[in-house]
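One structure below.
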Amino acid sequence: MEKAKRVAIILASLMLIGPTAYARNYQITGALDSRFMLYDNQGKINRDNFLIHGAEVNFKYIFQGESGDWATLVLQASYSPDFDFFSREFNYHYGDKYFVLKGPKGQINLKFGKFVVPFGNLQYYVSHLLILQPMFTRSLGTREDIGVEVGGYFKDYEYDLSFTNGRGDGRISLKNEGLFIFRIGRTNGDLRYGISGLIGGAPEGEYMIGMMMREEEKINYVHKNRLGFDIQYPYREFTLRGELIVGRDEKVNVGGFYLGGDYELTPKILASLKMNYWDPNLKAKDYIIDAGLGLGYRINKYVTPRIVYEKSWSKDAEGMNKSTGLFTTQLNLNF
Amino acid sequence: MKRLLRFKKTISVLVLALAIYFPVSSFAAVCVFRFPDRDVYKLYPKATNYKSVLKKIDGEAKKKCEDLLGRPLDSDETELTFYEIYKGKELIGMIHPHAERGEYGTIEVVWAFTLEGKIIDFTIQRDREKKGKELNAQEFRRQFGGKDLNSPFVLENTKEINTKLLKPVEEADKGSSAIAYGAKKTLTFYKYLFQEVK
């Protein structure tokens, strides 16, 4: 079936499902993210410049007893005609499928399935809606993974411990050594911050610049250690986010930081800015810098167009410099 | 090239259809309860659990709400989540998160109230106001305690705080008004989606 027809069918289904669904202890939502992407000096525009980043239908069911909720099931059916279902790009953002068993007073909750791993700000980024991506593709190489997690709250403190397979592409492999992640965080008024750690096998970070490109990728897995500090602070029209990460990949020390934020120009217009610096080998001269600036206009709850320009500069271990620019327009539909 | 044009055409038609199908909203008020596992127990220290209840605002409820508020609901206020608060198997109260526009963006307020619709307390889960701390301080919050829909939180048919009933936070009239109107709206929703439905 043609790309346009497939997308039209998904959209039409969402239009029917979204507004008419009546729910008491379940909820159905949906989204469609379409983009036009143009690289600097690309030349002729072709069909590949138009991208359906993903279409999704989200189903959430809450299991309830006489004394309240005791579990939640979240299933996300997602599809993109432009990404392989088991590609890393697709699995950074899509395919949540998990079950949460609630413990007493929110203090110990058990989650299992495919979910966003609890490192840094990851749990708080709705990443598939962002065209300015944070640093996880460089620094961790994974975002969603299959496994188990224990997490909860003690007053203003929150904790999460997860053990996942480490593939990060929506599949499980018994050959992988597994990935252990923890985060301890605190909320103090509007300020939220935390410390995270990661040990185990995870996909190698992307060194070459090449965002959202279709590729037959073979993922390399490396043993990683990471220690991170994350922060988020909303202040007047600003929301500031930051991450500082240091670690080790096999025998190489790595590190970097991410600074990003949003500025509400008007109630409907949001400007976004990001900058990350990632050093894949602290002893070598190599680095990757990504910077971007974007604007979004919220027409209504359902339709948000955005434009972004991103620039990346990198230097490899041999001292070769490279830079890439990318202009993106995005149309995001939510139901 | 033909395929490309056809694809663009399809997307354009769909976008146009959506823009017509869904009205342009003013400022969305539907609010997500960001940290129920944390904030439920702050507002109800004796609670042991909560039950999420999703309610759809049908045409009849919408009309009743708008009549009582004297203002139209926001276009995205079609389905709302309430939280029934339990101590063991005993239902001891309600929570509803609600967002209103302040001076520097949305103020997300989590309201705790009794089954009879009297406010117990609230907590601000997110705001960007200059006087955010003061708006969330006990001095401002406690004025709402015990009040119900018989209390004129705002001036009639407006979103403006009724200063005869509530003392706004200094230099935060807009934020104070947003919270006062949010109180009225939350209790209005509760009245027509719970109390009058039973």
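Note that the protein sequences, when read in sequence, are chains A and B. For the first sequence, the numbering used here begins at 1121 and goes up steadily by one. For the second sequence, the numbering used here begins at -18 and goes up steadily by one. Note that CB positions come from ideal geometry on N, CA and C, so glycine has one too.
Answer yes or no: does any C-beta atom of chain B fall closer than 9 Å to that of P1238(A)? Against the first sequence, residue 1238(A) aligns to sequence position 118. When Cβ-Cβ separations below 9 Å define contact, P1238(A) makes no contact with chain B.
I'd like the span of the beta strand (DSSP E) that includes E1278(A), first residue to last. Numbered from its first residue, the first sequence carries residue 1278(A) at position 158. Taken as a continuous stretch (DSSP letters only), the beta strand (DSSP E) holding E1278(A) covers 1277 to 1284.
Using 9 Å as the threshold, is the C-beta distance between V34(B) and Y64(B) below it? Here residue 34(B) refers to the residue found at position 53 of the second sequence. Here residue 64(B) refers to the residue found at position 83 of the second sequence. Yes, Cβ-Cβ distance for V34(B) and Y64(B) is below 9 Å.
Coarse secondary structure for S1200(A), derived from DSSP in three states: Residue numbering aside, residue 1200(A) sits at position 80 when the first sequence is read from its first letter. Note: S1200(A) maps to coil in three-state DSSP.
Closer than 9 Å to chain A by CB, P4(B): Here residue 4(B) refers to the residue found at position 23 of the second sequence. Per-residue confidence for P4(B) stands at a pLDDT of 41, beneath the threshold of 50, marking its modelled position as unreliable; no derived number is given.
Whole beta strand (DSSP E) runs in the stretch 1321 to 1392 of chain A with 3 or more residues, listed along the chain? Within the stretch 1321 to 1392 of chain A, complete beta strand (DSSP E) segments of at least 3 residues are found at 1341 to 1355, 1358 to 1369, 1372 to 1384, given in chain order.
Given a limit of 8 Å on CB to CB distance, which residues of the stretch 1167 to 1186 of chain A reach chain B? For the stretch 1167 to 1186 of chain A, which is checked against every Cβ of chain B, the residues closer than 8 Å are R1167, F1170, I1182, Q1184, E1186.
So what's N30(B) in DSSP terms, helix, strand or just coil? The residue you call residue 30(B) lines up with position 49 of the second sequence. Here N30(B) sits in strand by DSSP.
Beta-carbon spacing of L1064(A), S1432(A) below 9 Å: Coverage of chain A is limited to positions 1121 through 1455, which leaves residue 1064(A) absent and any answer about it impossible.
Just verifying my parser: in three-state terms, what is the DSSP assignment at N1169(A)? As a working note, residue 1169(A) is residue 49 in the first sequence. For N1169(A), the secondary structure class from DSSP, reduced to helix, strand or coil, is helix.
Contacts that D1280(A) makes with chain B (C-beta to C-beta distance below 8 Å): As a first step, residue 1280(A) is located in the first sequence; it is residue number 160 there, counting from the start. Ordered by position in chain B, no residue passes the 8 Å Cβ test against D1280(A), which lies about 12 Å from the chain.
Chain B contacts made by the stretch 1188 to 1210 of chain A, where a contact means CB separation under 7 Å: Within the stretch 1188 to 1210 of chain A, the residues whose Cβ lies closer than 7 Å to some Cβ of chain B are G1188, D1189, listed in chain order.
Could you tell me the boundaries of the beta strand (DSSP E) in which E110(B) lies? On the second sequence, residue 110(B) is found 129 positions in, with the first residue counted as 1. DSSP places E110(B) in no beta strand (DSSP E); its state is neither H nor E.
Any beta carbon from chain B within less than 9 Å of G1317(A)'s own beta carbon? Translated into the one-based positions of the first sequence, residue 1317(A) becomes position 197. For G1317(A), the nearest beta carbon of chain B is not closer than 9 Å to its own beta carbon.
Leaving out the 5 sequence neighbours to the left and right, which residues in its chain are closer than 8 Å to F1274(A) when beta-carbon positions are compared? Residue 1274(A) sits at position 154 when you count from the first residue of the first sequence. Around F1274(A): Q1227.
On the DSSP letters alone, give me the boundaries of the alpha helix (DSSP H) that N1211(A) sits inside. The residue you call residue 1211(A) lines up with position 91 of the first sequence. Residues 1208 to 1213.
As assigned by DSSP and simplified to three states, the class of D1216(A): Taking the first sequence and counting its residues from 1, the one referred to as residue 1216(A) is at position 96. Collapsing the DSSP output to three states places D1216(A) in coil.
Taking only beta-carbon positions, decide if D1310(A) is within less than 9 Å of chain B. Locating residue 1310(A) in the first sequence gives position 190, counting from the first residue. D1310(A) counts as touching chain B.
Exposure of G1271(A), with buried meaning 16 or more beta-carbon neighbours within 10 Å: Here the question's residue 1271(A) lines up with position 151 in the first sequence. By the 10 Å Cβ count, G1271(A) comes out buried.
Can you tell me which of L50(B), F14(B), E115(B), T139(B) puts its alpha carbon nearest to the alpha carbon of T169(B)? Counted from its first residue, the second sequence places residue 169(B) at position 188. The option with the nearest alpha carbon to T169(B) is L50(B).
If we cut at 9 Å on Cβ distances, does F94(B) have a partner in chain A? In the second sequence, counting from the first residue as 1, residue 94(B) sits at position 113. Nearest CB-CB separation between F94(B) and chain A: not below the 9 Å threshold.
Buried or exposed, going by whether 16 or more other CB atoms sit within 10 Å of the CB of P1238(A)? Along the first sequence, read from residue 1 onward, the residue named residue 1238(A) stands at position 118. Result: buried.
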